[in-house]
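Have a look at the structure below, then the notes.
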Amino acid sequence: MDEITLNNYRVRIDRRNNIDLYKGLPKVSEDAHCGCGDCQLFVQQIQNASQEVLNFFRQFGVDPTKEAEVWRFNPNKDGFDSYTADYHFIGAIQGTDEIDWIKIGEASFGLANYKGELLSPMIPSTFSKPLVELAVRITMPHKELD
Numbered sequence: 001m002d003e004i005t006l007n008n009y010r011v012r013i014d015r016r017n018n019i020d021l022y023k024g025l026p027k028v029s030e031d032a033h034c035g036c037g038d039c040q041l042f043v044q045q046i047q048n049a050s051q052e053v054l055n056f057f058r059q060f061g062v063d064p065t066k067e068a069e070v071w072r073f074n075p076n077k078d079g080f081d082s083y084t085a086d087y088h089f090i091g092a093i094q095g096t097d098e099i100d101w102i103k104i105g106e107a108s109f110g111l112a113n114y115k116g117e118l119l120s121p122m123i124p125s126t127f128s129k130p131l132v133e134l135a136v137r138i139t140m141p142h143k144e145l146d
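Heads up: the sequence shown at position 97 corresponds to 97 in the UniProt record's numbering, and the numbers run straight through without jumps.
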């Protein structure tokens, strides 16, 4: 496993396995995952996030267009859409069960060791423990659905 440090805590990551797992998943914008208007907009918008934000996802092997449970709140407030999304990746936080919000570019990320059951509609059946839940809050310029 790879290892990174966030807020003085080590996070172990099975990055190669995560990349492979995410490759096999549908985008959240596809009917096979959800396909609702909010998810379709999120996929269009997140691909235009700053490199800083996209690189934060990549270090875990997470594709930000896939697997997430996405909620849009404050749609088109002053020309911006705000979202929260929860992702999962194979890995473990060492020395604590969660890492509080970290500001990266236009987003904030929180991480927590996942303690729940794997038989969850929120987690693909191909994932295995140990898992980390990666939460993101992000505000992006408003976009109409193509």
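Glycine residues also receive a C-beta, built at the ideal position from the N, C-alpha and C atoms. Quick caveat: nothing in here was measured; it's all calculated off a predicted structure.
- In this structure, the straight-line span from the alpha carbon of Leu21 to that of Trp101 is close to 25 Å.
- Nearest C-alpha to Ile104 among Ala49, Gly95, Tyr114, Val43: Ala49.
- Taking every protein chain shown into account, the CB of Asn18 has 16 or more other CB atoms within 10 angstroms, so this residue is buried.
- Across the structure, His88 and Asp78 are spaced so that their CA atoms are roughly 31 Å apart.
- Considered as a whole, the stretch 71 to 116 harbours 80 to 93, 98 to 104, 107 to 113 as its complete beta strand (DSSP E) runs of no fewer than 3 residues, in chain order.
- A distance below 7 Å between beta-carbons, with the five flanking residues on each side excluded, links Glu69 to the following residues of its chain, in chain order: Ala85, Asp86, Met122.
- Residues Ile99, Asp100, Ile102 of the same chain have their beta carbon placed closer than 8 Å to that of Asn7, with the five preceding and five following residues left out of the count.
- When rounded, the separation of the alpha-carbon atoms in Asn74 and Arg15 is 33 Å.
- For the 7 Å CB-CB criterion, Asn76 and Ile93 do not form a contact.
- Following the DSSP letters along the chain, one finds Ile46 inside the alpha helix (DSSP H) bounded by residues 37 to 46.
- Assignment of Glu52 by DSSP, reduced to helix, strand and coil, places it in the helix class.
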